[in-house]
Amino acid sequence: MKEFKGRVITPGEWMGKAIVTKEVVNMMDTFYTSAYKKNKQAVGGDPKNSDLYGKVLTGNALCLPHSKASAITGLVIQTICEMKISPAAYLFSNSIDEVAASGIILAKIWEDSEVICIDNLGSDFLDAIKTDDEIKIEYDGTVKIIDKDDK
Numbered sequence: 630m631k632e633f634k635g636r637v638i639t640p641g642e643w644m645g646k647a648i649v650t651k652e653v654v655n656m657m658d659t660f661y662t663s664a665y666k667k668n669k670q671a672v673g674g675d676p677k678n679s680d681l682y683g684k685v686l687t688g689n690a691l692c693l694p695h696s697k698a699s700a701i702t703g704l705v706i707q708t709i710c711e712m713k714i715s716p717a718a719y720l721f722s723n724s725i726d727e728v729a730a731s732g733i734i735l736a737k738i739w740e741d742s743e744v745i746c747i748d749n750l751g752s753d754f755l756d757a758i759k760t761d762d763e764i765k766i767e768y769d770g771t772v773k774i775i776d777k778d779d780k
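Take 630 as the starting number for the sequence shown in this note's numbering and just add one per residue.
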């Protein structure tokens, strides 16, 4: 089992599957269509990010280096959290940007969202984790990649 410790932005405990990209995530392009069309699930909408495009992000842990934000990115993130179609967790290997952080924090406070966000997990995190890996997130910001042999 591989273990990483990051900075907690919004705490929580969770276990489930990872969706991984090593590319910078444009949150607006990734989530806007799902929010605007009031979809039942958030599906990666940015064709420039082949790791996420067309994949269901709802209920999974989105593992990424960092995000690129525009002025309304925070509102889009808050909206998908309010709609209950957000990823269960946002796990950043680097620092989260202020706009994405504001959307996640506001969703936690105003929408009573259970979304988890941890940043500064380190570049080794993205080298170790793969899409569909099972992970466990702990309240203190520890992320464990569960080996198939550990099940």
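Beta carbons: idealized from backbone N, C-alpha and C, even for Gly.
Helix, strand or coil at residue i [DSSP, three-state]
i	result
tyrosine 768	coil
threonine 708	helix
lysine 666	coil
glycine 673	strand
leucine 693	strand
alanine 730	helix
aspartate 761	coil
lysine 777	helix
lysine 631	strand
threonine 639	strand
lysine 646	strand
aspartate 748	strand
alanine 736	helix
leucine 755	helix
Cβ separation of residue i and residue j, assumed to be a contact under 8 Å, to the nearest whole Å
i	j	result
isoleucine 706	methionine 656	6 Å
threonine 662	valine 744	So it is not a contact: roughly 19 Å between Cβ atoms.
Residue j beta carbon less than 8 Å from that of residue i
i	j	result
isoleucine 758	valine 649	yes
alanine 625	alanine 690	It is not possible to answer for residue 625, since the shown part of the chain is limited to 630 through 780.
arginine 636	asparagine 723	no
serine 742	cysteine 692	no
glycine 703	glycine 673	no
cysteine 746	tyrosine 768	no
aspartate 726	alanine 698	yes
Own chain, CB closer than 8 Å to residue i, minus 5 neighbours either side, in chain order
i	result
alanine 700	Val728
lysine 634	Leu750, Asp769, Gly770, Thr771, Val772
glycine 641	Ala718, Glu743, Val744, Ile745, Ile766, Tyr768
Sequence-distant residues of its chain with Cβ nearer than 6 Å to residue i (five each side left out)
i	result
proline 676	Tyr682
aspartate 762	Ala647, Ile774
lysine 651	Leu755
serine 696	Val654, Met656, Asp726, Ala729
Same chain, Cβ closer than 7 Å to residue i, neighbours up to 5 away in sequence not counted
i	result
lysine 765	Met644, Lys773, Ile775
serine 752	Ser722
lysine 737	Thr639, Val744
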